[in-house]
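Take a look at the structure set out below.
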Amino acid sequence: MQTACPTALFGFGCLLAVELSSPQIAGAAQQSATGINHAFLATGQETHIISHRDTVIWSYERPTRDGWVLPSGNILLALAKGPNYGGGVIEVTRAGQRVFEYKGTQAEVNTVQPLPNGRVLITEAGPEPCLKEIDRTGRAHVQFRLQCQTNDFHLQSRMARKLANGNYLVPQMLDKVVREYSAEGKVIWEVKTLGMPFTAIRLENSHTLIACTIANRIIEVDAKGKTVWQLTSEELPGKPFNDVCGVQRLPNGNTVLTSYHGKQGAPQLIEVTREKKIVWTYTDARRPGIHHFQILNDRGQPLAGAALR
């Protein structure tokens with residue numbers, strides 16, 4: 101086993117990133133009647149990469165909000181807040197070497213997205229909720245205030261993403277709305293949601309797929325905001341949803357989602373078809389909540405094409 105301890109980061113002491121010799125998590129398992137297996141990055145109460153054989157092949161000793169395995173093999177993470185620390189962003193190698201870091205300036209950093217131009221997209225929660233597109237020196241090239249409530253910083257926004265058209269899609273939780281902003285901060289499209297939206301994904305057909313957390317459903321809306329497809333917990337055996345947070349649309353058209361507060365024995369990751377059939381699940385009996393995730397190929401690398409998550 102190789103271990104590496106980066107220099108103390110933001111007063112937290114040693115943040116450990118470990119390349120592991122494939123230990124098994126007791127009580128954790130993938131299940132699929134059709135033989136599906138996935139490797140994936142999980143962010144949340146624990147941060148790790150699980151192989152398609154159910155072994156931990158990498159982990160990071162900090163809770164996280166969002167994260168990406170990059171084509172280089174490095175991992176980009178949005179770190180959760182801690183004592184005297186409003187969250188931040190870090191990129192590390194598999195051996196734990198820090199490549200990039202950014203310390204949040206307000207209460208929380210709840211989003212990170214690597215951009216094709218080398219910059220990083222983040223959102224910051226606090227008295228001045230904002231979206232920033234920063235370079236690797238921390239300089240903001242795009243920055244605007246989000247039009248959201250300021251009574252509850254934690255429930256301001258979640259998985260913001262830059263779109264192919266140059267705009268930004270932002271789920272605003274307590275406001276129960278998903279908004280599309282221009283680079284100048286102007287709202288050019290929005291849709292109200294039943295329940296607090298957590299993840300919003302702009303699909304290739306211009307529809308938007310939205311996870312609605314404690315409403316225990318995901319919805320797909322068209323450009324006019326009309327719901328054209330949805331999946332609720334009641335439509336599946338055992339009503340498995342309990343706080344739907346992260347979502348990813350796979351290249352085969354299936355959808356994987358998290359059940360963040362799933363009860364004992366219930367799956368935390370669930371893959372469903374368009375016809376609303378469960379074809380794969382991941383369950384960890386210890387119940388560490390998965391905030392978001394990235395499905396990977398069998399080599400632990402990003403799937404081909406755009407990551408719709």
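Heads up: the sequence shown begins at 101 in my numbering, then just goes up one per residue. Ideal placement from N, C-alpha and C gives every residue a C-beta, glycine not left out.
**Study point:** Reduced DSSP secondary structure (H/G/I, E/B, other) of residue 303
**Key:** In the sequence shown, residue 303 corresponds to position 203, counting from 1. In this structure, residue 303 counts as coil in the three-state DSSP scheme.
Point to revise | Selected residue, minimal CA-CA separation from residue 379, among 138, 123, 197 | key: Working through the sequence shown from its first residue, we reach residue 379 at position 279. Of the candidates 138, 123, 197, the one whose C-alpha sits nearest the C-alpha of residue 379 is 138.
Exercise for review: Assess, as a yes-or-no matter, whether the stretch 240-259 is touched by the stretch 195-202 under the definition of 3 or more beta carbon pairs within less than 8 Å.
Suggested key: Counting Cβ pairs under 8 Å, fewer than three are found: no touch.
**Study point:** C-beta atoms of residue 395 and residue 344 nearer than 9 Å
**Key:** Against the sequence shown, residue 395 aligns to sequence position 295. Against the sequence shown, residue 344 aligns to sequence position 244. No, they are not a contact pair.
Check your understanding: Which of the three DSSP states, helix, strand or coil, is assigned to residue 391?
Key -> Locating residue 391 in the sequence shown gives position 291, where the first residue counts as 1. In this structure, residue 391 counts as strand in the three-state DSSP scheme.
Exercise for review: State yes or no: is the C-beta of residue 402 within less than 9 Å of the C-beta of residue 170?
Suggested key: For the purposes of this step, residue 402 is taken as the residue at position 302 of the sequence shown. For the purposes of this step, residue 170 is taken as the residue at position 70 of the sequence shown. Their beta carbons are under 9 Å apart, which means residue 402 touches residue 170 by this criterion.
Practice item. Identify every residue that forms a DSSP beta bridge with residue 321. Key: As a first step, residue 321 must be located in the sequence shown, where it is residue number 221. The partner list for residue 321 (beta bridge, DSSP) reads 308, 327.
Practice item. Look at the alpha carbon of residue 229 and the alpha carbon of residue 285, and state the distance between them as a whole number of angstroms. Key: In the sequence shown, residue 229 corresponds to position 129, counting from 1. In the sequence shown, residue 285 corresponds to position 185, counting from 1. Whole-angstrom Cα-Cα distance: 12 Å.
**Study point:** Three-state class that DSSP yields for residue 244 in the structure shown
**Key:** Here residue 244 refers to the residue found at position 144 when the sequence shown is read from its first residue. For residue 244, the three-state secondary structure derived from DSSP is strand.
Practice item. Compute the Euclidean distance between the alpha carbons of residue 162 and residue 145, then round it to the nearest angstrom. Key: To locate residue 162, count along the sequence shown from 1; it is residue 62. To locate residue 145, count along the sequence shown from 1; it is residue 45. Each residue's alpha carbon lies about 8 Å from the other.
Review point. Going by DSSP, which residues form a beta bridge with residue 202?
Key: Position 102 of the sequence shown, counting from 1, holds the residue named residue 202. Beta bridge pairing from DSSP links residue 202 with 189.
Review point. So, are the CB atoms of residue 219 and residue 187 less than 9 Å apart?
Key: The residue labelled residue 219 in the question sits at position 119 within the sequence shown. The residue labelled residue 187 in the question sits at position 87 within the sequence shown. The answer is no: Cβ separation not under 9 Å.
Check your understanding: Excluding five sequence neighbours on each side, which residues of the same chain lie with their C-beta closer than 7 Å to the C-beta of residue 214?
Key -> Residue numbering aside, residue 214 sits at position 114 when the sequence shown is read from its first letter. These residues qualify, in order along the chain: 168, 170, 176, 220.
Practice item. Kindly list the residues whose CB is nearer than 7 Å to the CB of residue 132, restricted to its own chain and excluding five residues on each side of it in sequence; keep chain order. Key: Taking the sequence shown and counting its residues from 1, one reaches residue 132 at position 32. So the qualifying residues of the chain are 379, 380.
Practice item. Taking residue 142 as part of the beta strand (DSSP E), name the residues at either end of that continuous run. Key: Translated into positions along the sequence shown, residue 142 becomes position 42. Residues 139-144.
Check your understanding: If we call anything under 9 Å between Cβ atoms a contact, is residue 143 one with residue 391?
Key -> Within the sequence shown, residue 143 is the residue found at index 43, counting from 1. Within the sequence shown, residue 391 is the residue found at index 291, counting from 1. Yes; because the gap between Cβ atoms is below 9 Å, this pair is in contact.
Review point. Which partner residues of residue 166 appear in the DSSP bridge assignment?
Key: Against the sequence shown, residue 166 aligns to sequence position 66. According to DSSP, residue 166 bridges with 178.
Point to revise | DSSP state of residue 263 mapped onto helix, strand, coil | key: If you number the sequence shown from 1, residue 263 lands on position 163. Looking at residue 263 - three-state DSSP - the assignment turns out to be coil, as it is neither helix nor strand.
Point to revise | Whole runs of the beta strand (DSSP E) within the stretch 203-237, excluding any shorter than 3 residues | key: Runs found: 208-214, 220-225, 230-234.
Check your understanding: Nearest-angstrom Cα distance between residue 310 and residue 193?
Key -> Within the sequence shown, numbered from 1, the residue matching residue 310 stands at position 210. Within the sequence shown, numbered from 1, the residue matching residue 193 stands at position 93. Each residue's Cα considered, the two are about 31 Å apart.
**Study point:** Euclidean distance between Cα positions of residue 333 and residue 231
**Key:** Sequence index remark: in the sequence shown, residue 333 carries index 233 (1-based). Sequence index remark: in the sequence shown, residue 231 carries index 131 (1-based). Rounded to whole angstroms, residue 333 to residue 231 spans 32 Å at the Cα level.
Review point. Within this structure, are the beta carbons of residue 340 and residue 367 separated by less than 9 Å?
Key: Position 240 of the sequence shown holds residue 340. Position 267 of the sequence shown holds residue 367. Going by beta carbons, residue 340 and residue 367 fall inside the 9 Å limit.
Exercise for review: Check each candidate in 361, 353, 342, 191 and name the one with the smallest Cα separation from residue 376.
Suggested key: On the sequence shown, position 276 is the one that residue 376 refers to. Comparing Cα-Cα distances from residue 376 to each of 361, 353, 342, 191, the minimum goes to 353.
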